[in-house]
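The letter at position 92 of the sequence shown is residue 92 when you use the UniProt record's numbering, and the numbering goes up by one with no holes. The next block holds one structure in the form of structure tokens; read it before the comments.
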Amino acid sequence: MNPQQLAEAVRDAMLANDRATRSLGMEILAVGPGTATIAMTVREDMLNGFDICHGGLITTLADSAFAFACNSHNELTVASGFNVDIVAPGRAGDRLTARAQEVSLSGRTGVYDISVRNQRDELVAVFRGKSYRIKGKPIVTGLTD
1 MNPQQLAEAV
11 RDAMLANDRA
21 TRSLGMEILA
31 VGPGTATIAM
41 TVREDMLNGF
51 DICHGGLITT
61 LADSAFAFAC
71 NSHNELTVAS
81 GFNVDIVAPG
91 RAGDRLTARA
101 QEVSLSGRTG
111 VYDISVRNQR
121 DELVAVFRGK
131 SYRIKGKPIV
141 TGLTD
């Protein structure tokens with residue numbers, strides 16, 4: 001199995017049990033070794049009292065992209081921390097897309113940058129995640145190399 005096929009198998013296994021990603025209507029557009037692209041349309045029930053997308057939901061979109069990217073190597077990986085800066089609002093009907101990219105992977109730790117943009121390619125948020133791998137815990141077992 002090549003790295004791309006592995007990333008796709010992990011995506012499928014993770015998504016099957018990822019109730020948060022599915023309940024928010026997120027769509028995984030692409031996944032690869034150390035990368036993931038996920039989109040979400042801002043619904044009315046995602047708006048805060050100022051009629052803009054709740055910042056926590058923008059962060060959740062970025063966090064989901066982070067999770068799929070850092071787990072794409074088929075070793076159970078969790079977030080050890082992240083920072084997020086929201087630089088523009090998401091509005092009802094906006095299609096937000098989070099693109100995650102592995103910046104560094106060394107031993108059990110990784111660093112990932114995620115950008116969130118709207119359908120006009122305007123930057124909405126930047127997210128940097130730090131990950132920690134759980135040694136010896138594959139997400140999908142029984143795969144051949």
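Backbone N, C-alpha and C define an ideal beta-carbon position, used for all residues, glycine too.
- When the Cα atoms are used, R133 and T60 turn out to be separated by approximately 20 Å.
- Only exposed fits G107, as fewer than 16 other CB atoms lie within 10 angstroms of its CB.
- Per the Cβ contact rule, the region 36–48 is in contact with the region 81–96 (3 or more Cβ pairs under 8 Å).
- Less than 8 Å separates the beta-carbon of R128 from that of N83.
- Judged by DSSP secondary structure, S23 falls within the alpha helix (DSSP H) whose first and last residues are R19 to S23.
- Here the alpha carbon of S104 sits roughly 9 Å from the alpha carbon of G34.
- By the criterion of a C-beta distance shorter than 7 Å, I114 is surrounded in its chain by A62, A65, F66, A98, R99, A100, F127 and G129, once the five residues flanking it on both sides are discounted.
- Straight-line measurement puts the Cα of G32 at about 5 Å from the Cα of Q4.
- Taking C-beta separations shorter than 6 Å and ignoring five residues to either side along the sequence, the partners of A30 in its chain run T37, following chain order.
- Under the three-state reduction of DSSP, F68 is assigned to helix.
- Of the candidates L24, D85 and G81, the residue whose Cα lies closest to the Cα of G55 is D85.
- For the set A69, P89, R120 and V116, the Cα lying nearest the Cα of D51 is the one of P89.
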